[in-house]
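Presented below is the structure to which this report refers.
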Amino acid sequence: MNVLVIGGAGYIGSHILRVMTRHGHTCIAFDDLCKGHAQAIGAVALVKANGGDRAALVAAMRQHKIDLVIHLAAFIEAGESVVQPDKYFRNNTLIGLTLLEAMREAGVKRMVFSSTAAVYGQPERVPIEETDRLEPINPYGASKLCVEYMLRAYAAAYGLGCVALRYFNVAGADPAGGIGEDHSPETHLIPLVLQVPLGKRPGVKIFGDDYETPDGTCTRDYIHVMDLAEAHRLAAEVIEPGTAKAYNLGNGEGFSVRQIIETCRKVTGKTIQADLAPRRAGDPARLVASSAKAQKELGWRPQYPQIETIVAHAWNWHRTHPNGYGDK
Ligand code: UDP
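Sequence positions in the sequence shown follow my numbering and run 80 to 407.
If you want it as structure tokens, here you go:
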């Protein structure tokens, strides 16, 4: 297949490019490099443009005879979305609509969309199933859920085939090396904790220890970025026109903030200072996925479900690239 990866130069996008290419698909990265990194895409061709540029999207789809779009370009900081919701609805939701219109114009019928566990908000139960209540508690989750609703409508009205993948907490890096996580600013737990043994910060903050969880800190379901990328490939290969489906992607086990810090100490062999700080606004106590649907319908089998492996692969990237790609 010829695949246009919107946001292909980002953390998840670059891993998807590798997995899709290894399976014989031809990928084109479409990215304005405002957050992404040119070095992350390797030999894949780049269209340097913004996802909101409809003419550039249509031209790229026509020129490269695109069969399928994987849409990952988005702002991802839940906390920021609370204070700047306009940025999230403009970038995540409006660009989603522009992209769908560009696909109609170019006659591209299939899309894999990067959604998020944030569409569930405070879950009514864990593990979360796809049919559970959708009630985002921040504009980030809402901006993504709006796109899921558009996908459903476009599938029904225009025969689009789409799959929304609801990611839980993505971490790790390709064990083959050379690519990994490089956000600025970094807000995610594992890369922040690993900055301590790298000497880039004196310690890490634990955002609250009075949650209703075994050790009082929030629990999250961590998924290896290569397993996530593989799920995109599987979804891309089974999409049926006229359908809109959603799948959770996680490992079905929750790890607390304290457990993650302890795992980082074990993997790096270094002391890591951790200090208690107030709760971060908008954090659900527990997020754990049931990925039974993805396993059953997509045949998805995570290759790296162990948290130690996820952290070890992340550490391998950060240890060898302490300044990430060094381009920002
Ligand atoms: N967290 C923390 N200290 C940090 C960053 C994150 O205690 O410096 C906590 C955060 O409150 C949440 C968990 O770690 O409970 C995972 O946060 P992250 O931002 O990595 O992902 P999220 O679950 O928000 O998507």
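Cβ atoms here follow ideal geometry from the backbone N, Cα and C, with glycine treated the same way.
Predicted, not measured: the structure shown is a model, and the values here were computed from it.
How about residue i and residue j: do their beta carbons lie closer than 8 Å?
i      : j      : result
Val275 : Ile339 : no
Thr195 : Lys223 : yes
Leu178 : Val198 : no
Met190 : His150 : yes
Arg306 : Gly295 : Going by the sequence as given, residue 306 is Asp instead of Arg. No, they are not a contact pair.
Ser334 : Thr298 : Residue identity check: residue 334 is Phe in the sequence provided, not Ser. Yes, these two residues count as a Cβ contact at 8 Å.
Tyr219 : Ser160 : yes
Gly131 : Gly115 : no
Ser370 : Gly403 : no
Ala117 : Val126 : no
Val317 : Leu377 : yes
Val98  : Ala108 : no
Pop quiz: residue i and residue j are said to be a contact at Cβ under 8 Å. What is the actual Cβ separation, rounded to whole angstroms?
i      : j      : result
Val82  : Ile174 : Between Ile174 and Val82 the Cβ distance is about 18 Å, and since that is not below 8 Å, they are no contact.
Gly256 : Asn395 : 7 Å
Pro215 : Gly238 : Pro215 to Gly238, Cβ: 28 Å. No contact.
Ile85  : Val249 : With a Cβ gap of about 17 Å, Ile85 and Val249 do not count as contacting.
Glu285 : Val336 : In the sequence as presented, Glu is not what sits at residue 285; that position holds Ile. About 5 Å; that satisfies the 8 Å criterion.
Glu184 : Val137 : 5 Å
Ala373 : Ala234 : So it is not a contact: roughly 19 Å between Cβ atoms.
Phe247 : Asp211 : About 13 Å separates the two Cβ atoms, so there is no contact after all.
Arg245 : Asn327 : 5 Å
Quick one, which of the options has its alpha-carbon nearest residue i's?
i      : options                           : result
Ser193 : Ala243, Ala181 and Leu239         : Ala243
Ala356 : Val283, Arg97, Met229 and Val249  : Val283
Glu203 : Arg359, Arg365, Ala152 and Gly329 : Arg365
Glu156 : Lys372, Arg97, Arg359 and Met99   : Arg359
Ile95  : Val390, His311, Ala323 and Tyr326 : His311
Cys386 : Cys113, Gly240, Ala323 and Ala252 : Note on identity: in this sequence residue 386 is Ile, with Cys being the wrong assignment. The shortest C-alpha separation from Ile386 is found at Ala252.
Lys188 : Asp300, Arg141 and Cys225         : Arg141
Gly329 : Tyr404, Trp379, Arg344 and Asp110 : Trp379
Arg22  : Met229, Cys113, Ala325 and Gly121 : No statement about residue 22 is possible, as the shown extent of the chain runs from 80 to 407 and does not include it.
Lys407 : Ala152, Leu112, Gln374 and Gly87  : Leu112
Thr342 : Ala315, Asn327, Phe109 and His392 : His392
Ser93  : Ala152, Ala232 and Ala128         : Ala152
Arg398 : Glu227, Thr347 and Leu213         : Thr347
Pro254 : Thr388, Asn217, Asp165 and Phe154 : Thr388
According to DSSP, residue i sits in a beta bridge with which residue or residues?
i      : result
Ala124 : Ile107
Ser335 : Thr298
His150 : Ile85 and Phe192
Glu365 : The question names Glu, yet the displayed sequence has Arg at residue 365. For Arg365, which the question treats as bridged, DSSP gives the partners Thr298.
Ile207 : Ala368
Phe168 : Paired residue(s): none; Phe168 is not in a bridge.
Spatial neighbours of residue i within its chain, please: CB distance less than 6 Å, with the 5 preceding and 5 following residues excluded, ordered by chain position.
i      : result
Arg133 : Thr177 and Ala181
Pro401 : Leu277
Pro270 : Glu260
Pro320 : Lys188, Gly238 and Gly240
Enumerate in chain order the residues of its own chain whose CB-to-CB distance from residue i is below 8 Å, with the five nearest sequence positions on each side excluded.
i      : result
Gln382 : His303, Met305, Asp306 and Glu309
What does a CB cutoff of less than 7 Å around residue i pick up in its chain, not counting 5 residues either side in sequence?
i      : result
Arg280 : Gln274
Lys349 : Pro276
Met229 : Gly175, Leu176 and Leu179
Tyr167 : Phe154, Ser160, Pro218, Tyr219 and Ser222
Quick check: does the Cβ of residue i come within less than 7 Å of any heavy atom belonging to the ligand MG?
i      : result
Asn217 : Of the ligands this structure carries, namely the ligand UDP, none is the ligand MG.
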